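Visitor:
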Amino acid sequence: MYRVVMIRHGQSEWNKQNLFTGWTDVDLTEHGIEEAKDAGRILRESEYAFDAAFASVLQRSIKTLYHALDELGLLWIPVEKSWKLNERHYGALQGLSKPETAEKYGEEQVRLWRRGLDVRPPLLEPGDKRLPGSDARYAKLPPEALPAGESLQNTIDRVGEYWDDRIVPLIKRNERILIAAHGNTIRALIKFIEDLDEQELLELNIPTGVPLVYELDDDLKSIRRFYLGHPTHVEEKKRQAADPDHDPDYSSHHK
Numbered sequence: 046m047y048r049v050v051m052i053r054h055g056q057s058e059w060n061k062q063n064l065f066t067g068w069t070d071v072d073l074t075e076h077g078i079e080e081a082k083d084a085g086r087i088l089r090e091s092e093y094a095f096d097a098a099f100a101s102v103l104q105r106s107i108k109t110l111y112h113a114l115d116e117l118g119l120l121w122i123p124v125e126k127s128w129k130l131n132e133r134h135y136g137a138l139q140g141l142s143k144p145e146t147a148e149k150y151g152e153e154q155v156r157l158w159r160r161g162l163d164v165r166p167p168l169l170e171p172g173d174k175r176l177p178g179s180d181a182r183y184a185k186l187p188p189e190a191l192p193a194g195e196s197l198q199n200t201i202d203r204v205g206e207y208w209d210d211r212i213v214p215l216i217k218r219n220e221r222i223l224i225a226a227h228g229n230t231i232r233a234l235i236k237f238i239e240d241l242d243e244q245e246l247l248e249l250n251i252p253t254g255v256p257l258v259y260e261l262d263d264d265l266k267s268i269r270r271f272y273l274g275h276p277t278h279v280e281e282k283k284r285q286a287a288d289p290d291h292d293p294d295y296s297s298h299h300k
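Per the working numbering, numbering of the sequence shown is gapless, rising by one per residue and ending at 300.
#1: Which residue comes first and which comes last in the alpha helix (DSSP H) that contains ALA287?
#2: Are the segment 168 to 176 and the segment 124 to 143 touching, with three or more C-beta to C-beta distances below 8 Å?
#3: Would you give the residue range spanned by the beta strand (DSSP E) that LYS190 belongs to?
#4: What does the alpha-carbon distance come out to for the pair THR69 and PRO177?
#5: Among the residues of its own chain, which have a CB less than 7 Å from the CB of THR200, if the five just before and after it don't count?
#6: Do VAL155 and LYS174 count as a contact pair if the criterion is CB distance below 8 Å?
#7: With HIS227 and SER106 assumed to form a contact (beta carbons below 8 Å), what rounded beta-carbon distance in angstroms separates them?
#8: Among ASP240, LEU157, ILE222, which residue has its Cα nearest to the Cα of PRO256?
#9: State the start and end residues of the unbroken alpha helix (DSSP H) segment that holds ARG53.
#10: Do you know offhand how far GLY77's Cα is from ILE87's?
#11: Just the Cα atoms here: how many angstroms apart are TYR259 and ILE251?
#12: Return helix, strand or coil for TYR135, following the three-state DSSP convention.
#13: Measure the C-alpha to C-alpha separation of SER91 and SER196 and round it to an integer number of angstroms.
#14: Put LEU261 into one of helix, strand or coil per three-state DSSP.
#15: Give the DSSP bridge partners of LEU223, in chain order.
#16: Nearest-angstrom Cα distance between GLU281 and GLU153?
#17: So, are the CB atoms of ASP163 and GLN198 less than 8 Å apart?
#18: Assign ARG218 to one of two classes, buried (16 or more other C-beta atoms within 10 Å of its C-beta) or exposed (fewer than that).
#19: Specify whether the segment 201 to 220 and the segment 94 to 109 touch according to this definition: at least 3 beta carbon pairs, one from each stretch, less than 8 Å apart.
#20: Compare the beta carbon distance of MET46 and ILE268 with 8 Å and say whether it is the shorter of the two.
#21: Tell me, which residues are paired with LEU73 by DSSP?
#22: In three-state terms, what does DSSP make of VAL255?
#23: Please confirm whether LYS143 has its beta-carbon closer than 8 Å to some beta-carbon of chain D.
#24: At which residues does the alpha helix (DSSP H) containing SER267 begin and terminate?
#25: DSSP state of VAL204, grouped into three classes?
#26: Compare the Cα-Cα distances from LEU103 to each of ASP180, PRO187, PRO276 and report the closest residue.
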């Protein structure tokens, strides 16, 4: 049996302001830092240890991982950071609030952008300072690799490549892996582990700062998944994640 643990990053400054964030590199709030530390403490108290860790190249992911590893006393383990674990790129919506976006484009169109699997938001125009090509962390990547906006399926595709190429080989060597990423990239990872269909994927809610543990079979498919933490706390965090007004970057269908 293999095991991998995922943490959705703690609350960011733009989560708090209810703004579309995507690839914008905003920091954690004080609450987000505490969420990350709490995740590390829960893992330590549950006697988890790790051999390697992964994060995106966005500081809210990197700092969540740092604070969790600090609590675990594991700052020394290898950490790999990749843009392929970045949040979904929300194109021209980045920096807008949900009310602003609804006023500009209409509620129905916003719903399609947030919940449709293959629907891309308005793309950034050439020359826009928000394009990733103007950011030093992406300077070595070919321009065609960098999006001006992504559908959820675009995000799933790049995360899947990274999972297969970089994470799976370590898991199969029995290395214990911790991943600190974003709502939609963790959704994508779960899609591969559980073979979710579109409806199941869009109904999936990932709470912030709560360790999600997967036990996997030889084919790296789910045997069992569970959250670490007090059940009442976990349920409250899941309820927040299911709230469509809680975080514009990450929205799901609700029964």
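Cβ atoms here follow ideal geometry from the backbone N, Cα and C, with glycine treated the same way.
The model shown is predicted, which means the values in this text are computed figures rather than measured ones.
Guide: Reading off the structure:
#1: Counting along the chain, ALA287 sits inside the alpha helix (DSSP H) bounded by residues 276 to 287.
#2: Contact between the segment 168 to 176 and the segment 124 to 143 is present: three or more C-beta pairs spanning the two stretches fall below 8 Å.
#3: Here residue 190 turns out to be Ala, not Lys, going by the sequence shown. Per DSSP, ALA190 lies in no beta strand (DSSP E) and is assigned neither H nor E.
#4: For THR69 and PRO177, the gap between their C-alpha atoms comes out near 9 Å.
#5: Cβ-Cβ distances below 7 Å link THR200 to ARG133, ASN229, THR230, ALA233 in the same chain, with the five nearest sequence neighbours on each side left out; the list follows chain order.
#6: With respect to the 8 Å criterion, LYS174 and VAL155 are not classified as neighbours on the basis of their beta carbons.
#7: Contact flag correct, Cβ pair sits at about 6 Å.
#8: Closest by alpha carbon: ILE222.
#9: Judged by DSSP secondary structure, ARG53 falls outside any alpha helix (DSSP H) and instead within the beta strand (DSSP E) spanning 47 to 53.
#10: Rounded to the nearest whole angstrom, the CA to CA distance from GLY77 to ILE87 is 15 Å.
#11: Their backbone Cα atoms lie some 13 Å apart in a straight line.
#12: If DSSP states are grouped into helix, strand and coil, TYR135 belongs with coil.
#13: Between the C-alpha atoms of SER91 and SER196 there is a straight-line separation of about 37 Å.
#14: Annotated three-state conformation of LEU261 is strand, per DSSP.
#15: BP columns for LEU223 point to VAL50, ALA98.
#16: Whole-angstrom Cα-Cα distance: 28 Å.
#17: At the C-beta level, ASP163 and GLN198 come within 8 Å of one another.
#18: It counts as exposed.
#19: Below 8 Å, enough C-beta pairs join the segment 201 to 220 and the segment 94 to 109 to call them touching: three or more.
#20: Against a cut-off of 8 Å, the Cβ pair of ILE268 and MET46 comes out as a contact.
#21: DSSP links LEU73 through a beta bridge to SER57.
#22: Note: VAL255 maps to coil in three-state DSSP.
#23: Absent from the structure is chain D; it holds one protein chain and no more.
#24: That residue, SER267, is in no alpha helix (DSSP H); its beta strand (DSSP E) goes 267 to 272.
#25: VAL204 falls in the helix class under three-state DSSP.
#26: The residue with the shortest Cα to Cα distance from LEU103 is ASP180.
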